[in-house]
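J.: Here you go, one structure.
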Amino acid sequence: MGVDYYNILNVSRNATEEDLKKSYKKMAMKWHPDKNAVNTTEAEANGGGRGFKFDSRDAADIFEEFFGGLDVGKGKGGGGRGGGKMKKAAPLENKLSCSLEELYKGSKRKMKISRTVLDDSGKPSTIEEILAITIKPGWKNGTKITFPEKGNHEPGSTPGDLIFVVDEKPHPIFKRNGK
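Under the numbering used here, the first residue of the sequence shown is numbered -11, with each subsequent residue one higher.
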């Protein structure tokens, strides 16, 4: 039969998450090697050495740790165990000129972009895409809008991000004050 962690933490089976955390912290402090001179065998016998065995990370993160950048089902190769991640290509930045009215009221824009992509054989080609950008009310000069992996794709890397940087056009009458 498995280990009864509720018993080890000294909490009831219907304990709240907060109660579990408090009890775990208390147990961790009690059996921490810097706080307690008792040998580690006794600490483990009392449940103090088990915390490291829990792994609350996302399953995809654990998978990536073991299999590197392997992207199953998309036809891309990746490193094996310990292969690490592929580096990301440099981000591609474009200026997005906006009027004061657009930044005050908000608006929608369609932007035509050209970017370099790699085909399955690794040969680069240029494609054009139209991206929809929603300019939200209150945005200001320098606001960045990021489209992940919509930048250029270079050999030996994953596609970079595409970043639009808001550039406020001067208004003939009004001027923006404040932050």
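Cβ atoms here follow ideal geometry from the backbone N, Cα and C, with glycine treated the same way.
What three-state label does DSSP hand Lys157 in the structure shown?
T.: Three-state DSSP puts Lys157 in coil, outside helix and strand.
J.: Quick one: Cα of Ser85 to Cα of Pro136, how far?
T.: Cα to Cα, the separation comes out at about 21 Å.
J.: Taking the beta strand (DSSP E) that Asn165 falls in, what are its first and last residues?
T.: It is not in any beta strand (DSSP E) - Asn165 carries neither H nor E in the DSSP assignment.
J.: Distance, Cα to Cα, Asn165 vs Asn129?
T.: Cα to Cα, the separation comes out at about 12 Å.
J.: Report the partner residues of Ser145 according to the DSSP bridge assignment.
T.: Partner(s): Lys75.
J.: Expressed to the nearest angstrom, what Euclidean distance is found between the alpha-carbon atoms of Pro143 and Lys132?
T.: Their backbone Cα atoms lie some 26 Å apart in a straight line.
J.: Which residues does DSSP pair with Ser11 in a beta bridge?
T.: Paired residues: none, contrary to the question.
J.: Would the C-beta of Leu88 count as close to the ligand FMN, meaning under 6 Å from any of its heavy atoms?
T.: As far as ligands go, the structure on display features none, and thus does not contain the ligand FMN.
J.: Within its chain, find whatever has a CB closer than 6 Å to the CB of Arg97; leave out the 5 residues flanking it on each side and keep chain order.
T.: Counting only Cβ-Cβ distances below 6 Å, and skipping sequence neighbours, we find Ile121.
J.: Using C-beta distances below 7 Å, list every residue in its chain close to Leu8, excluding the 5 sequence neighbours before and after it, in chain order.
T.: Leu(-3), Val(-1), listed in sequence order.
J.: What's the C-alpha gap between Ser11 and Lys18?
T.: Ser11 and Lys18: Cα-Cα distance of roughly 10 Å.
J.: State the start and end residues of the unbroken alpha helix (DSSP H) segment that holds Lys93.
T.: Per DSSP, Lys93 belongs to the alpha helix (DSSP H) from 88 to 93.
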